[in-house]
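K.L.:
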Amino acid sequence: MPETFQTPQGTFDVLPPDSRAYETLVARFAARVGAAGYGLVISPMFEDVGVFRRVGESTDVVRKEMYDFFDKGKPPRHLALRPEGTASVVRAFVQHRPRVPWKTWYAAPSFRYERAQAGRYRQHHQLGVEVLGTEDPLLDVEVIALLGGFYADVGLRQVALHLNSLGDDTCRPAYRAELEAFLAERADRLCDEHRERFRDNPLRVLDCKRPACLEATADAPLQVDRLCGPCTAHFTAVRGGLDALGVAFTLDKRLVRGLDYYTRTTFEFVGEALESAQNGVGGGGRYDRLAEDLGGPPTPGIGFGTGIERIRLAAAAEDVDLTGPAAVDVFVVDTTGGLAALQLTHELRAAGIGADRAWDGRSFKAQFKAADRSGARVAVVVGDDEAARGVVALKPLRGGPQIEVPADEMLQRVRTMIDDAH
Ligand code: HAM
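So that you can map any letter, position 250 of the sequence shown is 250 in my numbering, and since no number is skipped, the others follow by simple counting.
(1) Confirm the yes/no value for this check: CB of glycine 128, any heavy atom of the ligand ADP, distance under 8 angstroms.
(2) Closer than 8 angstroms to a non-hydrogen atom of the ligand HAM - does that hold for the CB of histidine 442?
(3) Residue range of the alpha helix (DSSP H) that alanine 314 falls in?
(4) Is it buried or exposed for histidine 78, if we count other Cβ within 10 angstroms and need 16 for buried?
(5) Would glutamate 318 pass as a contact of leucine 156 if the rule is Cβ separation under 9 angstroms?
(6) Where does the unbroken beta strand (DSSP E) through glutamate 47 begin, and where does it stop?
(7) Would you call the segment 293 to 301 and the segment 327 to 336 in contact, with 3 or more CB pairs under 8 angstroms?
(8) Pairing CB atoms from the segment 174 to 181 with CB atoms from the segment 263 to 271, are three or more of them under 8 angstroms?
(9) Do the CB positions of glycine 119 and glutamine 278 come within less than 9 angstroms of each other?
(10) Given that a residue counts as buried once 16 or more other Cβ atoms are within 10 Å of its Cβ, and exposed if not, what is lysine 103?
(11) Sort Ala233, Arg204, Gly73, Glu309 by Cα distance to threonine 217 and report the nearest one.
(12) Cα separation between alanine 184 and glycine 56?
(13) Can you tell me where the alpha helix (DSSP H) holding proline 202 begins and where it ends?
(14) Suppose only complete runs of 3+ residues qualify. What are the beta strand (DSSP E) ranges in the segment 77 to 115, listed by chain order?
(15) Thinking C-alpha only, which one of Ala30, Asp219, Gly39 is nearest proline 98?
(16) Distance check for methionine 417 and alanine 341, CA to CA, integer angstroms please.
(17) Mind reading off the beta-carbon distance from alanine 421 to arginine 377? Whole number of angstroms is fine, and I expect it under 8 angstroms.
(18) Can the beta-carbon of threonine 323 be found closer than 9 angstroms to that of proline 101?
(19) Can you list the beta strand (DSSP E) stretches of 3 or more residues lying completely in the segment 337 to 381, in chain order?
(20) Could you give the residue range of the beta strand (DSSP E) that holds aspartate 288?
(21) Which residue wins for smallest C-alpha separation from tyrosine 121, given the options Glu309, Val382, Thr345?
(22) Which same chain residues end up closer than 7 angstroms to valine 141 when comparing Cβ atoms and leaving out the 5 residues on each side of it in sequence?
(23) Please go through the segment 34 to 70 and give each complete alpha helix (DSSP H) segment of 4 or more residues, from N-terminal end onward.
(24) Ends of the alpha helix (DSSP H) at aspartate 169?
(25) In terms of DSSP beta bridges, what is isoleucine 403 paired with?
(26) Using only the alpha-carbon positions, how far apart do glycine 427 and arginine 195 sit?
(27) Going by beta carbon distance, what residues of the same chain come within less than 8 angstroms of alanine 116, once the five residues before and after it are set aside?
(28) Where glycine 85 and glycine 128 are concerned, what is the direct C-alpha to C-alpha distance, given to the nearest angstrom?
(29) Alanine 407 and glycine 390 look like a contact to me (Cβ under 8 angstroms); what is the Cβ gap, rounded to whole Å?
(30) Between arginine 254 and tyrosine 175, how many whole angstroms is the CB-CB distance? I'm expecting something under 8 angstroms.
(31) Just the Cα atoms here: how many angstroms apart are proline 76 and aspartate 48?
(32) If you follow the alpha helix (DSSP H) that glutamine 412 is part of, which residue opens it and which one closes it?
(33) Looking only at its chain, what residues have a beta carbon closer than 7 angstroms to the beta carbon of asparagine 397, apart from the 5 residues adjacent to it on each side?
(34) Just to confirm before moving on: does the CB-CB distance between valine 61 and alanine 291 stay below 9 angstroms?
(35) The ligand HAM heavy atoms versus the CB of arginine 257: any closer than 8 angstroms?
(36) Apart from the five residues just before and just after arginine 312, which ones in its own chain have a Cβ nearer than 7 angstroms to its Cβ?
Structural data, given as C-alpha cells:
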C-alpha cells in the first residue's frame, strides 16, 4: 500500500462548500478597499530573512516562529516564509519607490511556527492594507474605519475596537527606560520567560497574559500617559476623527501588540464572542520607522491585518453565515444523452448565468439530487419528448410550478425566474 499523507500540523485544507466563505470575504474586502482607492499588491511568499527580522528581534514571530531555510543557491541564500504582510509591502515600497501616498491591500497566507490550537495556525490567511507616505492622523481614522466597516459589512456585531498610542522616537526611549527600571524592581515577580528577558523589550511584558506578569505590572507606567507634544496632538486628532465618524473605541493603555515596529497609533479589534486566548480578529497601527529600518527614505506608514480564520470563528460564535449565495443559478437535467446539457450550460454561461450539470448519463432522479446539492434555483429539464418538440421544462427548485417554454426563449425565461427567486 502506498503511504498516505495528511496536511502538516497546524494547517488545513479549505474545501467547498466551506471555501465559499473565503471567497465571500476576499471579494467583499477587495470591493471595499478598492472603492477607497487601495491597489492590490502581490509579493513573494518568501523573502530574505532580513526583511522579516525588522518585525522585531524580541518578538515571538521572529525569535521562535519563523519558517526560515537556505535555498539551493551557491552560496545558499537565507530566506523565510512570510510570517506577516507588512514587512513585505514596505520592502516592496523601498525597492520600487512608488509615489506617495501609496495605498495598498493584500489577501495572502502567512506562516508562523505556532503551537497549533483553535484560532492559531501555522498557515493563516490575512486580508490587510498598508499605506506609506503620510503622517496625517485622519488617515489612521480612515484605515481603522475601513476595517470596522468591513466587519459590519460581513455581519459581525460583537467586535470591539481597542486603541492606544505607543509614542515615537522622541517619547518612547524615556518611557522605555522608566518601564525597564519599574520591571527591574519587580523582576522576581515576573513570569519565567520575562524574568530573564524583560530587558530585550520591556513593552513586551505588558502584552504577557500570564498571571504573574499581569499582577506585577498592574500599576506599571504606560506610554500613552507619557506622550510627547506631537504624539499627543496626533492621538487627539485620531480620537477626534473616530468620534466624528461615530466609531466607538476603548482606550486600552496596555495594548502593545506582538510586533516591534509600531509607533503612535495601535489598535486591535477584539471578538467579544470568542475565547479570550485567541480573540484578536484584526489589528494594526503605525510603523513610521520601518521604511528607514529597511534601508528606505524616512516614510511613515500604517496598516492592518485581519485573519480570515479568526473572522470565521467570530462569525460562527455570533451565528453569522458568511457562505454567500451559490454561484450556480441553473442546473441542467438532461436525459437525452448529455449533448443537450453541454449546449445549454454553454449557452447559459455565455450569457453570464451560473450553470452546472451532471455527468456520466446519471438517472433523472440522480440528476435532480445533484441539482438540489448545487444550490441552483432553477432546473432546465430536457428529455427525449422535450427535445423532439423543441421545448425545455423550467422547474423552480425552491417551490413553484414547472413551466414549458420554447427552447429559443429559455435564456429570457430563466433570467426572469432567477430574478424572481432572488
Ligand atoms: P498580527 O496581529 O500579528 O499583525 O496579525 C494580524 C491578524 O492575523 C490577527 O489579528 C489574527 O486575526 C491573524 N493571525 C495572526 N496570527 C495567526 C495565527 N497563527 N493563526 C490564525 N490567525 C492569525 C500583523 O500581522 C500585522 N502585519 C498587522 C499590521 C498591518 N500592522 C500594520 N499593518
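Using N, Cα and C, we set each Cβ at its ideal position, and we do this for glycine too.
P.N.:
The structure says:
(1) In the structure shown, the ligand ADP is absent; the only ligands present are the ligand HAM.
(2) With the chain covering 1 to 422 only, the question about residue 442 has no answer from this structure.
(3) The continuous alpha helix (DSSP H) containing alanine 314 extends over residues 308 to 317.
(4) Exposed: under 16 other Cβ atoms inside 10 Å.
(5) For the pair glutamate 318 and leucine 156, the CB atoms are nearer than the 9 angstroms cut-off.
(6) Per DSSP, the unbroken beta strand (DSSP E) holding glutamate 47 starts and ends at 46 to 48.
(7) Segments in contact, no.
(8) Cβ pair count under 8 angstroms is below three, so no.
(9) Yes, these two residues count as a Cβ contact at 9 angstroms.
(10) With a 10 Å radius around the Cβ and a threshold of 16 neighbouring Cβ atoms, lysine 103 comes out buried.
(11) The shortest CA-to-CA distance from threonine 217 to any of Ala233, Arg204, Gly73, Glu309 is the one to Arg204.
(12) About 22 angstroms.
(13) Going by DSSP, proline 202 is part of the alpha helix (DSSP H) stretching over 202 to 206.
(14) The segment 77 to 115 contains these whole beta strand (DSSP E) runs: 78 to 81, 102 to 111.
(15) Measuring from the Cα of proline 98, the nearest candidate turns out to be Gly39.
(16) Pairing alanine 341 with methionine 417, the inter-Cα distance amounts to about 19 angstroms.
(17) Indeed, because the Cβ distance is near 4 angstroms, the residues count as touching under 8 angstroms.
(18) Their beta carbons are not under 9 angstroms apart, which means threonine 323 does not touch proline 101 by this criterion.
(19) Inside the segment 337 to 381, DSSP marks whole beta strand (DSSP E) runs of 3 or more residues at positions 355 to 357, from first to last along the chain.
(20) Careful: aspartate 288 lies outside any beta strand (DSSP E) and carries neither H nor E.
(21) Comparing Cα-Cα distances from tyrosine 121 to each of Glu309, Val382, Thr345, the minimum goes to Glu309.
(22) The answer, listed in chain order, is Val238, Gly241, Leu242, Leu245.
(23) The segment 34 to 70 is shown to contain whole alpha helix (DSSP H) runs of 4 or more residues at 49 to 53, 60 to 63, in chain order.
(24) Neither: aspartate 169 is in no alpha helix (DSSP H) and is coded neither H nor E.
(25) The partner list for isoleucine 403 (beta bridge, DSSP) reads Leu394.
(26) Absent from the structure is residue 427, since the part of the chain shown begins at 1 and ends at 422.
(27) The residues are Gln9, Gly10, Arg122.
(28) Their Cα atoms are separated by approximately 7 angstroms.
(29) About 5 angstroms separates the two Cβ atoms, so the contact holds.
(30) Approximately 13 angstroms separates the beta-carbon atoms of arginine 254 and tyrosine 175; this is outside 8 angstroms, ruling out the contact.
(31) Their backbone Cα atoms lie some 11 angstroms apart in a straight line.
(32) Per DSSP, glutamine 412 is one residue of the alpha helix (DSSP H) stretching across 410 to 421.
(33) The sequence given here has leucine at residue 397, not asparagine. So the list reads Ala371, Asp372, Ala376, Arg377, Val378, Ala379, once near-sequence residues are dropped.
(34) No.
(35) The answer is yes for arginine 257.
(36) Same-chain partners within the cutoff: Ala21, Leu322.
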